[in-house]
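*Asks:*
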Amino acid sequence: MKLKKYIIPVVLVLCFIKPLYADEANLTIENAWISEAPPVSKVMVAYMTLSNHSDKAIKITNAESAIYSSIEFHETLHEDGMARMIRYSEITIPAHGHVQFKRGGKHFMLFNPTKHLKAGDSVSIKLSTSDNTEKTVIVPVKKAQY
Ligand SMILES: [Cu+2]
70 MKLKKYIIPV
80 VLVLCFIKPL
90 YADEANLTIE
100 NAWISEAPPV
110 SKVMVAYMTL
120 SNHSDKAIKI
130 TNAESAIYSS
140 IEFHETLHED
150 GMARMIRYSE
160 ITIPAHGHVQ
170 FKRGGKHFML
180 FNPTKHLKAG
190 DSVSIKLSTS
200 DNTEKTVIVP
210 VKKAQY
């Protein structure tokens, strides 16, 4: 049975290609925060910087949290003195690059908070990537900055 000696090398190679917890290091998140909103507000906004330390682009395909009914990826665009928001179905972080979510630009739009969140609270947000890995970030709520 000659086939057998090929199977073991293939399994070993696969282990190296996709090591456990690879994305823990490949994708890092810094400066994450949620802007405090008035109690009546049905939407909130989160900012953070996502960095990709790998040789391949990473796509963020989904964001969710138990606190919000849904989370969307938005960008505020300014045209002719008017601001409008566009929605992305996914966010691509280039190889060895980063994407900054910040005021007046890209942001996470957080819909229908289940409770009033105040500065000092924190929210767990789970991000999913196109290669089916997940990363959970604990995001502090801070006073709005204008
Ligand atoms: Cu938005």
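In the working numbering, the protein residues as written are 70 to 215. Beta carbons: idealized from backbone N, C-alpha and C, even for Gly.
According to DSSP, is Ala152 part of a helix, a strand, or is it coil?
*Replies:* Looking at Ala152 - three-state DSSP - the assignment turns out to be strand.
*Asks:* In its own chain, which residues sit with a C-beta less than 6 Å from the C-beta of Tyr157, not counting the 5 before and 5 after it?
*Replies:* Phe142, listed in sequence order.
*Asks:* Between the C-alpha atoms of Ile127 and Leu96, what's the straight-line distance to the nearest angstrom?
*Replies:* Distance between the alpha carbons of Ile127 and Leu96: 8 Å.
*Asks:* Taking DSSP's pairing of strands, which residues face Val109 in a bridge?
*Replies:* According to DSSP, which records beta bridges pairwise, Val109 is partnered with nothing at all.
*Asks:* In or out: Ile136 buried (at least 16 other Cβ within 10 Å) or exposed?
*Replies:* Under this definition Ile136 is a buried residue.
*Asks:* Please state if the CB of Thr202 and the CB of Lys195 are separated by a distance shorter than 7 Å.
*Replies:* Against a cut-off of 7 Å, the Cβ pair of Thr202 and Lys195 comes out as no contact.
*Asks:* By Cβ distance, which residues of its chain are closer than 7 Å to Pro182, with the 5 residues on each side in sequence left out?
*Replies:* Same-chain partners within the cutoff: Met113, Ile136, Tyr137.
*Asks:* Going along the chain, which residues of its own chain have a beta-carbon closer than 6 Å to the beta-carbon of Lys111, five neighbours each way excluded?
*Replies:* If we look at Lys111 and ignore the five residues flanking it on each side, its Cβ neighbours are Asn181.
*Asks:* Following the continuous beta strand (DSSP E) through Pro182, name the residue where it begins and the one where it ends.
*Replies:* No beta strand (DSSP E) holds Pro182; DSSP gives it neither H nor E.
*Asks:* What separation, rounded to the nearest whole angstrom, lies between the Cα atoms of Ile120 and Ile162?
*Replies:* The question names Ile, but residue 120 in the sequence shown is Ser. Rounded to the nearest angstrom, the two C-alpha atoms are 7 Å apart.
*Asks:* Mind checking which residues open and close the beta strand (DSSP E) that includes Ser123?
*Replies:* Premise fails: Ser123 is in no beta strand (DSSP E) and is neither H nor E.
*Asks:* Helix, strand or coil: which one does DSSP assign to Ala164?
*Replies:* Coil.
*Asks:* With distances taken between CB atoms, is the gap from Ala213 to Ser104 smaller than 7 Å?
*Replies:* Result yes, Cβ atoms of Ala213 and Ser104 sit closer than 7 Å.
*Asks:* For Ser123, collect the residues of the same chain with a Cβ closer than 7 Å to its Cβ; drop the 5 residues on either side in sequence, then sort them by chain order.
*Replies:* Counting only Cβ-Cβ distances below 7 Å, and skipping sequence neighbours, we find Asn95, Ala164.
*Asks:* By Cβ distance, which residues of its chain are closer than 8 Å to Trp102, with the 5 residues on each side in sequence left out?
*Replies:* Correct list, in chain order: Ala115, Tyr116, Met117, Val208, Pro209, Val210, Lys211.
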